[in-house]
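To start, the structure itself, in structure tokens.
Protein chains in written order, with our numbering: chain A, 1 to 280; chain B, 281 to 560.
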């Protein structure tokens, strides 16, 4: 029995004790503390059957693994929930803009609290996992990926709120939405977000790459929309308020697509362990 | 000697071993591994002098503390560096806007890489600390606060880049900056950022509160600037491009102030352990 092996046993032990102490969180397999407190000095270990020690270690190690996977599944389901709420927020905010419906716009603004709350929960949960399990390599990449993805989804939801606020500022003049490509940009963004989430959940890197291609289309629409809106503005200064707000919405949707592309990049990173840049 | 005390000793031991294993990072005090491998079974502990064990524990505990404080100091110095670079970026981008100097604008855009790199370093360092030290209560709050603050500073620097890009899009027509309050907003934002950083480094909650007051002034200037720019736009449609870009800059500076206020809120949270909202 080497000293190194004893250290590993020791680390496993402490993690198990920590898990036992966290009584407010679900446990996979319950250990008796006495089970874990094996002697630590080499001469004491020698008096124990090595088989017994190894069997215990294996039991502990497997249970930690199952526990980690369960925590990861819970985090992933929270990401799915957050993503779903953000898609609804984007759809609703655009519906509000299109129909000039202040009621719907206000609902989008109110609904953002639920998305922020989910992000906070995900942050706290990942910190708890990092403190308790001290994950390494791929596990650590996955945890960091989840942290990044949740913060990107939160920013997508913020842009939905910004579109809702622009809707309220526009009021009810004759809508000029038809001269823009904003609806195509919104549709593309939602398609991108669905693909990015699916890519993350099913670990499909090809889907992540498709997100990058769709972003190029959004950028193209955004440039054309900018041209059309500013050209129209030069001819119709009386429409300044609505046109300026639509220029802001154009920017919000272009930024939305950027952040969704970041989700795809984080996903590609956690699948392959390599940094990707789908933005350029 | 109670079982609980043995567990605490065990946790300290493993942390020390982990620290020893991380040979690529600075160590405060070096322990002999033999020093740390004390017997773990109650009957074994009884055979050791309790004094000896307690002395060792205290030594280990104090060194871990010193180590943690050193890591925190290094993180704080990185935050200071990031904050300093962001202030320079804001000043430069505004100088570029005011003097319509594309060269300076390009330098701001290039310089952003250094700020992004610092943020990545801070992220990796905090994750390392969380994995190795598993900090709790105030220490954990401080680490999370640093993570949040670095991401807010990074966003402030992004707005400097956005102002630089707007400068390039404006080109060299007769500047209309004088009809706006953008320069006051920039000056206020830099004052806010300096106060927020000082508040964080010196743990002065009063300074954090002052940041919230200054933000109200930025918001007021922003509303007036929006009115002035859109009114001017209605009269001078031939200036559409520059005016639209200045409207964007107005938004960037208002958002800059929001994010600096978030820094002050994070600081207040880590000083007091209570959540503050200086934005409303």
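For each residue, glycine too, the CB sits at the ideal point set by N, CA and C.
| query | Using a beta-carbon distance below 8 Å, is residue 267 (chain A) in contact with chain B? | reply | Numbered from 1 along the first chain, position 267 holds the residue referred to as residue 267 (chain A). At least 8 Å separates the CB of residue 267 (chain A) from every CB of chain B.
| said: Let me confirm a value: residue 400 (chain B) is counted as buried when at least 16 other C-beta atoms fall within 10 Å, else exposed. Which label applies? | reply: On the second chain, residue 400 (chain B) is found 120 positions in, with the first residue counted as 1. Classified as exposed, residue 400 (chain B) has fewer than 16 neighbouring CB atoms from the shown chains inside 10 Å of its CB.
| message | So within the region 95-152 of chain A, which uninterrupted alpha helix (DSSP H) runs reach at least 4 residues, ignoring any that extend past its ends? | response | Within the region 95-152 of chain A, the complete alpha helix (DSSP H) runs of at least 4 residues are 102-133.
| field | Residues of the region 238-249 of chain A whose Cβ lies closer than 8 Å to any Cβ of chain B, in chain order | value | Residues passing the 8 Å Cβ filter: 238, 240, 241, 244, 247 and 248.
| request: For residue 80 (chain A), I'd like the list of residues in its chain whose CB is within less than 8 Å of its CB, leaving aside the five on either flank, ordered along the chain. | output: Locating residue 80 (chain A) in the first chain gives position 80, where the first residue counts as 1. Hits under 8 Å: 197 and 201.
| request: Alpha carbon to alpha carbon, how far is residue 100 (chain A) from residue 300 (chain A)? Give it in angstroms, no decimals. | output: Absent from the model: residue 300 (chain A). The displayed extent of chain A is 1 to 280, so no value can be given.
| said: Give me the chain B residues within the contact set of residue 233 (chain A), using Cβ-Cβ distance strictly less than 8 Å, ordered along the chain. | reply: As a position in the first chain, residue 233 (chain A) is number 233, starting the count at 1. Going along chain B in sequence order, the residues near residue 233 (chain A) (Cβ under 8 Å) are 513, 517, 520 and 524.
| query | Taking DSSP as the reference, what is the three-state secondary structure of residue 266 (chain A)? | reply | Here residue 266 (chain A) refers to the residue found at position 266 when the first chain is read from its first residue. Residue 266 (chain A): helix per DSSP, three-state reduction.
| Terminal residues of the alpha helix (DSSP H) in which residue 175 (chain A) lies | Within the first chain, the letter at position 175 stands for residue 175 (chain A). Where residue 175 (chain A) is concerned, there is no enclosing alpha helix (DSSP H), given that its DSSP letter is neither H nor E.
| said: Less than 8 Å between the C-beta atoms of residue 407 (chain B) and residue 192 (chain A), yes or no? | reply: The residue labelled residue 407 (chain B) in the question sits at position 127 within the second chain. The residue labelled residue 192 (chain A) in the question sits at position 192 within the first chain. Here residue 407 (chain B) is not near residue 192 (chain A), since their CB atoms are 8 Å or more apart.
| task | Apply the 10 Å Cβ neighbour rule to residue 518 (chain B) and answer buried if 16 or more other Cβ atoms are within range, or exposed otherwise. | result | As a position in the second chain, residue 518 (chain B) is number 238, starting the count at 1. Its Cβ having fewer than 16 others within 10 Å, residue 518 (chain B) is exposed.
| Are there 16 or more other CB atoms within 10 angstroms of the CB of residue 272 (chain A), so buried, or fewer, so exposed? | In the first chain, counting from the first residue as 1, residue 272 (chain A) sits at position 272. Here residue 272 (chain A) is exposed: its Cβ has fewer than 16 other Cβ atoms, across all protein chains shown, within 10 Å.
| query | Expressed to the nearest angstrom, what Euclidean distance is found between the alpha-carbon atoms of residue 48 (chain A) and residue 395 (chain B)? | reply | Residue 48 (chain A) sits at position 48 when you count from the first residue of the first chain. Residue 395 (chain B) sits at position 115 when you count from the first residue of the second chain. In this prediction, residue 48 (chain A) scores a pLDDT of 39, lower than 50, which makes its location untrustworthy; no coordinate-derived value is stated.
| message | Going by DSSP in three states, residue 278 (chain A) sits in which element: helix, strand or coil? | response | On the first chain, position 278 is the one that residue 278 (chain A) refers to. It is coil, neither helix nor strand.
| task | Measuring only between beta-carbons, confirm whether residue 131 (chain A) sits less than 8 Å from chain B. | result | As a first step, residue 131 (chain A) is located in the first chain; it is residue number 131 there, counting from the start. For residue 131 (chain A), the answer is yes, since a Cβ of chain B falls inside 8 Å of its Cβ.
| Roughly how many angstroms separate the alpha carbons of residue 18 (chain A) and residue 134 (chain A), rounded to a whole number? | For the purposes of this step, residue 18 (chain A) is identified with residue 18 of the first chain, where counting begins at 1. For the purposes of this step, residue 134 (chain A) is identified with residue 134 of the first chain, where counting begins at 1. No answer about residue 18 (chain A) holds up, because its pLDDT of 39 lies below 50 and its placement is not dependable.
| field | Helix, strand or coil at residue 353 (chain A) according to DSSP, with G and I counted as helix | value | With chain A represented from 1 up to 280, any question about residue 353 (chain A) goes unanswered, as that position is not in the structure.
| message | Please state the DSSP three-state secondary structure of residue 259 (chain A). | response | Along the first chain, read from residue 1 onward, the residue named residue 259 (chain A) stands at position 259. Note: residue 259 (chain A) maps to helix in three-state DSSP.
| Backbone secondary structure at residue 501 (chain B) - three-state DSSP | Here residue 501 (chain B) refers to the residue found at position 221 of the second chain. Residue state, collapsed to three classes: helix.
| message | According to DSSP, simplified to helix, strand and coil, what is residue 363 (chain B)? | response | Position 83 of the second chain holds residue 363 (chain B). If DSSP states are grouped into helix, strand and coil, residue 363 (chain B) belongs with the helices.
| query | From B:366, B:464 and B:485, pick the residue whose C-alpha is nearest to that of residue 436 (chain B); which is it? | reply | To locate residue 436 (chain B), count along the second chain from 1; it is residue 156. Per the Cα distances, B:366.
| field | Alpha carbon of residue 284 (chain B) to alpha carbon of residue 344 (chain B), nearest angstrom | value | In the second chain, counting from the first residue as 1, residue 284 (chain B) sits at position 4. In the second chain, counting from the first residue as 1, residue 344 (chain B) sits at position 64. The predicted position of residue 284 (chain B) is uncertain, since its pLDDT is 33 and thus under 50; no value can be drawn from it.
| message | Any beta carbon of chain A sitting closer than 8 Å to that of residue 326 (chain B)? | response | The residue you call residue 326 (chain B) lines up with position 46 of the second chain. Low per-residue confidence applies at residue 326 (chain B): pLDDT is 37, beneath 50, and the placement is therefore not dependable, though the value from the model is reported in the following sentence. At a cut-off of 8 Å, the C-beta of residue 326 (chain B) has no neighbouring C-beta in chain A.
| Pick from B:455, B:416, B:453 and B:402: whose alpha carbon is nearest that of residue 429 (chain B)? | The count along the second chain starts at 1 and reaches residue 429 (chain B) at position 149. The shortest C-alpha separation from residue 429 (chain B) is found at B:402.
| task | Assign residue 212 (chain A) to one of three DSSP states: helix, strand, or coil. | result | Here the question's residue 212 (chain A) lines up with position 212 in the first chain. Correct three-state label for residue 212 (chain A): helix.
| request: Mind listing the chain B neighbours of residue 134 (chain A)? Cutoff is C-beta to C-beta under 9 Å, in chain order. | output: Reading the first chain from its first residue, position 134 is the one you call residue 134 (chain A). Think of a sphere of 9 Å around the beta carbon of residue 134 (chain A): the chain B residues whose beta carbon falls inside it are 298, 410, 411, 412 and 414, in chain order.
| field | For residue 520 (chain B), the nearest candidate out of B:372, B:351, B:474 and B:454 (CA to CA) | value | Reading the second chain from its first residue, position 240 is the one you call residue 520 (chain B). Nearest C-alpha to residue 520 (chain B) among B:372, B:351, B:474 and B:454: B:454.
| If you draw a straight line from the C-alpha of residue 74 (chain A) to the C-alpha of residue 388 (chain B), how long is it? | Position 74 of the first chain, counting from 1, holds the residue named residue 74 (chain A). Position 108 of the second chain, counting from 1, holds the residue named residue 388 (chain B). Approximately 42 Å, taken between the alpha carbons.
| said: Suppose the cutoff is 6 Å on Cβ atoms and the five residues either side in sequence are ignored; what does the same chain contact list for residue 233 (chain A) look like? | reply: If you number the first chain from 1, residue 233 (chain A) lands on position 233. Within the same chain, residue 233 (chain A) has close Cβ partners 243.
| query | Among the residues of its own chain, which have a CB less than 8 Å from the CB of residue 506 (chain B), if the five just before and after it don't count? | reply | Counting from 1 along the second chain, the entry for residue 506 (chain B) is found at position 226. Closer than 8 Å at the Cβ level, and outside the excluded window around residue 506 (chain B), lie 527 and 530.
| Contacts of residue 407 (chain B) in chain A (Cβ-Cβ under 8 Å) | The sequence position of residue 407 (chain B) within the second chain is 127, counting from 1. Result: 130, 140 and 144.
| message | Going by C-alpha to C-alpha distance, which of B:433, B:425 and B:422 sits closest to residue 362 (chain B)? | response | For this step, residue 362 (chain B) is matched to residue 82 along the second chain. In terms of CA proximity to residue 362 (chain B), B:433 leads the group B:433, B:425 and B:422.
| residue 485 (chain B) versus B:347, B:376, B:556 and B:368, residue with shortest Cα-Cα distance | In the second chain, counting from the first residue as 1, residue 485 (chain B) sits at position 205. Its Cα nearest to that of residue 485 (chain B), the residue B:556 stands out among B:347, B:376, B:556 and B:368.
| message | Give me, in chain order, the residues of the same chain whose beta-carbon lies closer than 7 Å to that of residue 544 (chain B); leave out the 5 immediate sequence neighbours on both sides. | response | Here residue 544 (chain B) is taken as the residue at index 264 of the second chain, counted from 1. Counting only Cβ-Cβ distances below 7 Å, and skipping sequence neighbours, we find 476, 479, 488, 491, 492 and 558.
| query | Does any C-beta atom of chain A lie closer than 8 Å to the C-beta of residue 303 (chain B)? | reply | Counting from one through the second chain, the residue named residue 303 (chain B) turns up at place 23. In this prediction, residue 303 (chain B) scores a pLDDT of 29, lower than 50, which makes its location untrustworthy; the coordinate-derived value is nonetheless stated afterwards. Between residue 303 (chain B) and chain A, the shortest Cβ-Cβ separation is not below 8 Å.
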